[in-house]
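Heads up: the sequence shown begins at 1 in full-length UniProt numbering, then just goes up one per residue. Inspection log for the structure reproduced underneath, given as structure tokens.
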Amino acid sequence: MAGKTPYNHDLIRLDPFLVLPIELAQVVTTLLDFKSLVLCLRVCKHWNRFLSSLTPLWRDLDLSLARKAVSERAITSYIRRSKGSTTNVLISQRAVTDASLKPILSRIATTCKEIKRLEIRLNGPPIVGITETIPIAQSLTTLILHCVLRFEAASMVMALCPNLVHAEFHQVQCPSRELPPWPGALERIRTFYLCHHNNRCAHVGVTWLLPFLDLMPNIRELTLIDWRDAAVFIPFDYSGFRQLESLALINCGISFFPSLPPTVRQLRVGPDVIMIMGDPESQANLAANSLSQLKNLSLKGIDDLKVSDIMLILSHLPDRNNSPLRALCIDGCLDVTSADLILLLASNATENLAELSLVNGVKVEDELAEIISEMKYLEHLDLSECPGLTGTAVKTLVNKSGKPLKRMNLNQCKSVGFDAVEMARESGVQVDFLVADWLLGRSRKTSRIP
Numbered sequence: 001m002a003g004k005t006p007y008n009h010d011l012i013r014l015d016p017f018l019v020l021p022i023e024l025a026q027v028v029t030t031l032l033d034f035k036s037l038v039l040c041l042r043v044c045k046h047w048n049r050f051l052s053s054l055t056p057l058w059r060d061l062d063l064s065l066a067r068k069a070v071s072e073r074a075i076t077s078y079i080r081r082s083k084g085s086t087t088n089v090l091i092s093q094r095a096v097t098d099a100s101l102k103p104i105l106s107r108i109a110t111t112c113k114e115i116k117r118l119e120i121r122l123n124g125p126p127i128v129g130i131t132e133t134i135p136i137a138q139s140l141t142t143l144i145l146h147c148v149l150r151f152e153a154a155s156m157v158m159a160l161c162p163n164l165v166h167a168e169f170h171q172v173q174c175p176s177r178e179l180p181p182w183p184g185a186l187e188r189i190r191t192f193y194l195c196h197h198n199n200r201c202a203h204v205g206v207t208w209l210l211p212f213l214d215l216m217p218n219i220r221e222l223t224l225i226d227w228r229d230a231a232v233f234i235p236f237d238y239s240g241f242r243q244l245e246s247l248a249l250i251n252c253g254i255s256f257f258p259s260l261p262p263t264v265r266q267l268r269v270g271p272d273v274i275m276i277m278g279d280p281e282s283q284a285n286l287a288a289n290s291l292s293q294l295k296n297l298s299l300k301g302i303d304d305l306k307v308s309d310i311m312l313i314l315s316h317l318p319d320r321n322n323s324p325l326r327a328l329c330i331d332g333c334l335d336v337t338s339a340d341l342i343l344l345l346a347s348n349a350t351e352n353l354a355e356l357s358l359v360n361g362v363k364v365e366d367e368l369a370e371i372i373s374e375m376k377y378l379e380h381l382d383l384s385e386c387p388g389l390t391g392t393a394v395k396t397l398v399n400k401s402g403k404p405l406k407r408m409n410l411n412q413c414k415s416v417g418f419d420a421v422e423m424a425r426e427s428g429v430q431v432d433f434l435v436a437d438w439l440l441g442r443s444r445k446t447s448r449i450p
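Right, dumping it as structure tokens:
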């Protein structure tokens, strides 16, 4: 075509690493994930030499995107490129085999003298030899194990890693009825996550863990999942953990409101819990608790929970006229009615809420939507699976007073139309909206606003 500049085909054969300034090339390479980085090594010898010389790129050994087993030789080459300065290691199911895991862990533990974080995402039987290999990495501060592990092995690993601060065990097998030997004091532990692999063992529960948890007096974040007691009415006192900031008791079968230290900022209890708030034990714990720093309260899926129980908890906040509470979750609490929730949200204890979650629970009618729209500081609202929610109510919520909503979740709200969703998005609200095909005979989903 006349007047058009001819296309220079030679330009497409220029090496970008030869054209770009070295500083800009290094910035570009930092945006690559580990798998893409390895693939770039195969482009040409120049790329291989250049990328291999950038030591900081190889400090994060992330094998989560591997499609097949990675050889020990390849692991050694990655560590060599980092000059032994690898700090973060993530091993996934596809990256290793049962036979190669122990040699790879030994190689990482012995050669990576500066390793700080190790995460292993594996399923299947317990890993053999993990207590001998992981403690070799004496600089380890964060350990996350998704694999099945005996409780004795988990406690031994914690005892043998002198600098461990953050420990997560996602599939712990319960020990025999006899208590295993406890390690020494674990005063360095700040974050501890423990999930029971088989919660059908009635002899093992939260109270069984007391001697072990007492070894961590400086813990700040504690999460216990699927630890049920045969005698569920045994109370558990957490007030001795004077630095505890976050406590999560998921499927732990507790029956009373726990005794808490004054430092707690986040409390998550439920589901599969029956809390008897009117019991003298709960009353005594509430009276003794100081909830002056409680910012996040989650009472998800608690059977027989009533608004009066929630208001009883919030009544022990130090200053109800200036409540510290910023997030409230009462998902799946079917005994909470719309009329009762109106009283709760109109109280001083909830006036400073920035996040509210009512998933699969109360019927959100227009009157309740009006009350929610008057919450001046509310920014995040989750109404997924809430029956009775209409497009009119959504429009009322979008036009709320005070700070505008930033995000709203309306998944499985079959009575909400696209016009209300689009209006919310045009107002700047990030909306998640998905209705399953079994509700409408088809599936409809619209993407999120960036």
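Beta carbons: idealized from backbone N, C-alpha and C, even for Gly. Quantities reported herein were computed from a predicted structural model and do not represent experimental measurements.
Where residue i falls, given that 16 or more other Cβ within 10 Å makes a residue buried
| i | result |
| --- | --- |
| Cys44 | exposed |
| Phe418 | exposed |
| Ile313 | buried |
| Asn289 | buried |
| Val243 | According to the sequence shown, residue 243 is Gln rather than Val. Flag for Gln243 reads exposed. |
| residue 456 | Because residue 456 is not part of the residues shown, which for the chain are 1 to 450, the question remains open. |
| Asn285 | buried |
| Thr30 | exposed |
| Pro258 | buried |
| Glu114 | exposed |
| Arg49 | exposed |
| Arg228 | buried |
| Asp382 | buried |
| Leu122 | buried |
| Gly428 | exposed |
| Ala167 | buried |
| Asp33 | exposed |
Distance, residue j Cα to residue i Cα
| i | j | result |
| --- | --- | --- |
| Ala420 | His196 | 43 angstroms |
| Ile250 | Leu105 | 32 angstroms |
| Asp150 | Val128 | As written in the sequence, residue 150 is Arg, which differs from the Asp given in the question. About 10 angstroms. |
| Glu132 | Glu119 | 16 angstroms |
| Met408 | Ser92 | 33 angstroms |
| Thr87 | Tyr78 | 12 angstroms |
| Thr337 | Gly240 | 36 angstroms |
| Glu426 | Asn399 | 12 angstroms |
| Asn411 | Ser401 | 24 angstroms |
| Ile219 | Thr263 | 11 angstroms |
| Asp226 | Arg190 | 21 angstroms |
| Leu41 | Ser52 | 8 angstroms |
| Cys112 | Gln266 | 36 angstroms |
| Val96 | Leu57 | 22 angstroms |
| Ala99 | Thr110 | 18 angstroms |
| Leu299 | Arg268 | 6 angstroms |
| Gln173 | Ala153 | 10 angstroms |
| Glu379 | Val416 | 20 angstroms |
| Glu187 | His46 | 50 angstroms |
| Ser357 | Ser36 | 38 angstroms |
| Glu365 | Leu325 | 24 angstroms |
Cβ neighbours of residue i in the same chain (closer than 8 angstroms, five flanking residues each side left out)
| i | result |
| --- | --- |
| Gln26 | Leu54 |
| Ser323 | Leu314, Leu317, Asn348, Ala349, Thr350, Glu351, Asn352 |
| Arg107 | Glu72, Ile75, Thr76, Ile79 |
| Gln138 | Cys161, Pro162, Asn163 |
| Cys413 | Leu383, Ser384, Glu385, Cys386, Leu389, Phe433, Val435 |
Contacts around residue i, its chain only, beta-carbon distance under 6 angstroms, and the 5 residues preceding and following it disregarded
| i | result |
| --- | --- |
| Thr135 | The sequence shown places Pro at residue 135, not Thr. Correct list, in chain order: Leu160, Cys161. |
| Leu145 | Ile120, Phe169 |
| Ala185 | Leu215 |
| Gln83 | According to the sequence provided, residue 83 is Lys. The question's Gln does not apply to it. Excluding residues within five positions, the ones whose Cβ falls inside 6 angstroms are Thr55. |
| Lys116 | Thr87, Thr141 |
Beta-carbon proximity list for residue i, same chain, < 7 angstroms, skipping 5 on both sides
| i | result |
| --- | --- |
| Tyr238 | Leu244, Leu247, Pro258, Ser259, Leu260, Pro261 |
| Pro16 | none |
| Ala424 | Val394, Val398, Met408, Val431 |
| Leu345 | Ile371, Ile372, Met375 |
| Arg342 | Per the sequence presented here, residue 342 reads as Ile, with Arg not at that position. Within the same chain, Ile342 has close Cβ partners Glu367, Leu368, Ile371. |
| Gly332 | Pro271, Lys300, Gly301, Val359, Asn360, Gly361 |
message: Threshold first: 4 residues or longer. Then list the alpha helix (DSSP H) segments lying entirely within the segment 326–372, N to C.
response: 338–345
message: List, from N- to C-terminal side, the alpha helix (DSSP H) runs of 4 residues or more that fit wholly inside the segment 45–77.
response: 45–53
- prompt: Between the segment 63–73 and the segment 12–22, are three or more C-beta pairs nearer than 8 angstroms?
  reply: no
- prompt: Between the segment 344–361 and the segment 301–315, do at least 3 Cβ pairs fall closer than 8 angstroms?
  reply: yes
- prompt: Fully enclosed by the segment 235–300, which beta strand (DSSP E) runs are 3 residues long or longer?
  reply: 246–250, 266–269, 296–298
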